[in-house]
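Peer 1: Under numbering that gives the first Met the number 0, think of the first position of the sequence shown as 0, with each following residue one higher. Dumping the structure here so I can ask a few things about it.
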Amino acid sequence: MYPGESIPTQPEVAALPDPLVPLAAVGGRLRTLGGSATTASRYAGRPASSAAPRPTSARAAEVTEVTGTTEVNGITEVTDPQTLADPGVPRWAVTSAAEAFAGAVAHGIPVRRSWDIAEAHRLLAGGWRGDLAAAAAYVHGLPEPPMRAEIDHAGTLFDEFADDPPSQATSDSDHATELLATIADVAKRQRKLLAKLGPRCVATAYSESAAAVLALELARDGLPVDRRVAESLIATHAGPRPRDAAHVEAIRRERDDAVLRHVPGRRVDLRQPADVKELLAGVGIDVPTTRAWVLEPYRQSHPVVDAFLRWRKDERIATTYGYRWLDEHVGPDGRLRGAWTACDGAAGRMTAQNGLHNLPAGLRRAVVAEPGFVFVRADLGQIEPRVLAAVSGDRAFAAATQADDLYAPVAATLHVERAVAKIAVLAAMYGQRSGAAGEALRGLERAFPTAMGVLDEAYAVGVHGGELRTFGGRLIRVGVPAVGTVEEATRAQREHDAARGRYARNALIQGSAAELFKAWAVTVRHAIRPLGATIVLCLHDELLIHAPEPEADRVAAAVHESLRSSAYHWLGSEQVRFVADVSVITCWADAKG
Numbered sequence: 000m001y002p003g004e005s006i007p008t009q010p011e012v013a014a015l016p017d018p019l020v021p022l023a024a025v026g027g028r029l030r031t032l033g034g035s036a037t038t039a040s041r042y043a044g045r046p047a048s049s050a051a052p053r054p055t056s057a058r059a060a061e062v063t064e065v066t067g068t069t070e071v072n073g074i075t076e077v078t079d080p081q082t083l084a085d086p087g088v089p090r091w092a093v094t095s096a097a098e099a100f101a102g103a104v105a106h107g108i109p110v111r112r113s114w115d116i117a118e119a120h121r122l123l124a125g126g127w128r129g130d131l132a133a134a135a136a137y138v139h140g141l142p143e144p145p146m147r148a149e150i151d152h153a154g155t156l157f158d159e160f161a162d163d164p165p166s167q168a169t170s171d172s173d174h175a176t177e178l179l180a181t182i183a184d185v186a187k188r189q190r191k192l193l194a195k196l197g198p199r200c201v202a203t204a205y206s207e208s209a210a211a212v213l214a215l216e217l218a219r220d221g222l223p224v225d226r227r228v229a230e231s232l233i234a235t236h237a238g239p240r241p242r243d244a245a246h247v248e249a250i251r252r253e254r255d256d257a258v259l260r261h262v263p264g265r266r267v268d269l270r271q272p273a274d275v276k277e278l279l280a281g282v283g284i285d286v287p288t289t290r291a292w293v294l295e296p297y298r299q300s301h302p303v304v305d306a307f308l309r310w311r312k313d314e315r316i317a318t319t320y321g322y323r324w325l326d327e328h329v330g331p332d333g334r335l336r337g338a339w340t341a342c343d344g345a346a347g348r349m350t351a352q353n354g355l356h357n358l359p360a361g362l363r364r365a366v367v368a369e370p371g372f373v374f375v376r377a378d379l380g381q382i383e384p385r386v387l388a389a390v391s392g393d394r395a396f397a398a399a400t401q402a403d404d405l406y407a408p409v410a411a412t413l414h415v416e417r418a419v420a421k422i423a424v425l426a427a428m429y430g431q432r433s434g435a436a437g438e439a440l441r442g443l444e445r446a447f448p449t450a451m452g453v454l455d456e457a458y459a460v461g462v463h464g465g466e467l468r469t470f471g472g473r474l475i476r477v478g479v480p481a482v483g484t485v486e487e488a489t490r491a492q493r494e495h496d497a498a499r500g501r502y503a504r505n506a507l508i509q510g511s512a513a514e515l516f517k518a519w520a521v522t523v524r525h526a527i528r529p530l531g532a533t534i535v536l537c538l539h540d541e542l543l544i545h546a547p548e549p550e551a552d553r554v555a556a557a558v559h560e561s562l563r564s565s566a567y568h569w570l571g572s573e574q575v576r577f578v579a580d581v582s583v584i585t586c587w588a589d590a591k592g
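Written as structure tokens, this is what we have:
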């Protein structure tokens, strides 16, 4: 299943000649095939020994004392890491950014152009696996091999694909030659396969590769955190820093007592949902689950509900984002760091560890720009319905995206209030096709049949356990249905199939939105570097940029222009308008929305 193409595109966007040069870290050094440096220099129009401009940062200068390349036995060693940042060279084809570029990124080298085999494989084959063995098997039409480690503790990057015994006394250069030849072959075959899916898919592989480099930079730079403010906020929710295990238990009991005092004589474990349901039933509140959105309407029914909801927030900070979290993950330089990935293995969203993607709202007050800097915060507005307009190619729905508020023209078309139009659009993408907005949903089907048809098609694929691809070509595997046909299914099985259909519908939109977001993010990354600004957080549809205060307005302008540019190249036209809410703040908690 592939989205409609009613809106014209520009196939030449991703079809430009762009040589791929294999690169790998072998024996702790970056190496490419002999002659690749010459190929790169011809492409750039200058001698192979020409070096890129020197960086101004001290940590980057540490690795640029030696320039040029050295060729031995047909293998060229890249001795000047600045080559990786040179906009004039072809794309470096690598097994993964983490394997090839980690050292360069750690020293501040802004890797410019790459083809990440792991990310391209995740596009083509779906899922999380991205090792070279799996990618090589896929491009040659072979079964996926068993998982095998591609990096050993000695720094060797290549295991033989099959179960053949290791070669006898293979030299380092022979080993590198074999690896680099495989990288070159796999990368070129991947690009051909993606080009068959459509030129947009090749462009997606480019941006996904750049996002993998951005992930390394995010892990390196970290998120600015004011430790003093963080300590104070944690104390507000979790109590004082405990002295010992006994003090930990005392604070825990005190936190529990703030809830249990509203139900005298009852002692239950607030950490067990079944016990909490029983406690609530005892005061006349019967709920199916203890999720916050279920309990929220009962806040005024009994004081124990409000106390429990407050307790849950405090408990989360105390157990997950408390003093231990602060000590382990916020460095002496006041930066919260964690590993990032460019793809979650499902719909393709970026992921992060150590709370970077799940920081409680109560702790955002501690995310503060450093002296002389500000945050430029940008959030894509109404991104998912706008992506639906792009994915479906629905011209009428695309026309609605020209408004700052997409829901206003939709409401006018349906002759309903804006709030009803919004509920209907969101329900069409993510919820049930019935309920309070049922009539508005039927109006959507009449007014925007192409957009609604794409959602229906994705739903049907999910129900029947099929596969679909996002706008940028990522394969989404939904799974097999519980029974042969929906008609034969039991009620439980039908509900399971319906849930799978909703998942497919969601994945199509959210996965495509993730592709646009990453294309935007990597475009911003490039645009703001000359201004001394860096992206420090990618959160769903939001960018947080740490920028020198005097450059804030220029960074904000670059963010808007990057969205216009990346959206145009992603879609191939300007018929769908994408917007971003951009603000300049000093503390993340001050952001609107």
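Every residue gets a Cβ at the ideal spot worked out from N, C-alpha and C, and that includes glycine. Fair warning: this is a prediction, and the values are worked out from it, not measured in the lab.
Please check the pair residue 524 and residue 213, which I expect to be a contact at CB under 8 Å, by giving their CB distance rounded to whole angstroms.
Peer 2: 6 Å
Peer 1: Between the C-alpha atoms of residue 84 and residue 186, what's the straight-line distance to the nearest angstrom?
Peer 2: 20 Å
Peer 1: Since residue 319 sits in a beta bridge, which residues does DSSP pair it with?
Peer 2: In DSSP, residue 319 forms no bridge with anything.
Peer 1: Considering only residues of the same chain and omitting the five flanking positions on each side of residue 590, which have a CB-CB separation below 7 Å?
Peer 2: 376, 582 and 584
Peer 1: Out of 81, 21 and 328, state which residue places its alpha-carbon closest to the alpha-carbon of residue 337.
Peer 2: When only C-alpha atoms are compared, the closest one is 328.
Peer 1: If the criterion is Cβ atoms closer than 8 Å, does the pair residue 303 and residue 258 meet it?
Peer 2: yes
Peer 1: Does the region 108 to 126 come close enough to the region 317 to 331 that 3 or more CB-CB pairs lie under 8 Å?
Peer 2: no
Peer 1: Can you list, in chain order, the residues of its chain with a C-beta nearer than 6 Å to that of residue 570? Leave out the 5 residues immediately preceding and following it.
Peer 2: 389
Peer 1: Under the DSSP definition of a beta bridge, which residues are partnered with residue 580?
Peer 2: 378
Peer 1: For residue 356, tell me which candidate among 225, 386 and 542 has the shortest Cα-Cα distance.
Peer 2: Taking the Cα of residue 356 as reference, the smallest distance to any Cα among 225, 386 and 542 is reached at 542.
Peer 1: Assuming residue 579 contacts residue 354 under a Cβ cut-off of 8 Å, what Cβ separation, rounded to an integer in Å, is found between them?
Peer 2: With a Cβ gap of about 25 Å, residue 579 and residue 354 do not count as contacting.
Peer 1: For residue 180, count neighbouring C-beta atoms within 10 Å of its own C-beta (all shown protein chains included) and say buried if the count is 16 or more, exposed if not.
Peer 2: exposed
Peer 1: Near residue 271, which residues of its chain fall below 7 Å by C-beta distance, leaving aside the five closest residues on each side in sequence?
Peer 2: Closer than 7 Å at Cβ, skipping near neighbours: no residue.
Peer 1: Can you give me the Cβ contacts of residue 188 inside the same chain, cut-off strictly under 6 Å, excluding the 5 residues immediately before and after it?
Peer 2: 138
Peer 1: With the cut-off set at 8 Å, would you say residue 457 and residue 417 are in Cβ contact?
Peer 2: no
Peer 1: What do you reckon, are the CB atoms on residue 604 and residue 232 nearer than 8 Å?
Peer 2: The question about residue 604 has no answer, for the chain in this structure spans 0 to 592.
Peer 1: Skipping 5 residues on each side, what residues in its chain have a beta carbon closer than 8 Å to that of residue 333?
Peer 2: 223, 224, 225, 226 and 369
Peer 1: Determine the extent of the alpha helix (DSSP H) in which residue 563 is found, giving its start and end residues.
Peer 2: 551 to 570
Peer 1: Measure from the alpha carbon of residue 423 to the alpha carbon of each residue in 403, 444 and 279, then state which is nearest.
Peer 2: 444
Peer 1: How long is the line joining the alpha carbons of residue 414 and residue 441, rounded to whole angstroms?
Peer 2: 12 Å
Peer 1: To the nearest angstrom, how far is the alpha carbon of residue 499 from that of residue 514?
Peer 2: 22 Å
Peer 1: What is the residue span of the alpha helix (DSSP H) that residue 545 lies within?
Peer 2: That residue, residue 545, is in no alpha helix (DSSP H); its beta strand (DSSP E) goes 541 to 547.
Peer 1: Between the C-alpha atoms of residue 362 and residue 536, what's the straight-line distance to the nearest angstrom?
Peer 2: 15 Å
Peer 1: Less than 8 Å separating the beta-carbons of residue 98 and residue 24?
Peer 2: Contact annotation: residue 98 and residue 24 have beta-carbon atoms nearer than 8 Å.
Peer 1: Hey, how far is the Cα of residue 291 from the Cα of residue 236?
Peer 2: 18 Å
Peer 1: Would you mind giving the Cβ-Cβ distance between residue 593 and residue 114, rounded to the nearest angstrom? I have them listed as a contact below 8 Å.
Peer 2: Residue coverage of the chain in this structure runs from 0 to 592, which leaves residue 593 outside it and unanswerable.
Peer 1: By Cβ distance below 6 Å, which residues in the same chain neighbour residue 565 in space, the five residues on each side in sequence not counted?
Peer 2: 518, 519 and 522
Peer 1: What is the DSSP secondary structure of residue 444, counted as helix, strand or coil?
Peer 2: helix
Peer 1: Taking only three categories from DSSP, how would you classify residue 17?
Peer 2: Residue 17 falls in the coil class under three-state DSSP.
Peer 1: For residue 373 versus residue 546, is the C-beta distance shorter than 8 Å?
Peer 2: yes
Peer 1: From the DSSP output, which residues share a beta bridge with residue 466?
Peer 2: 476
Peer 1: Check the C-beta distance from residue 254 over to residue 314 and give it rounded, since I have them as a contact under 8 Å.
Peer 2: 7 Å
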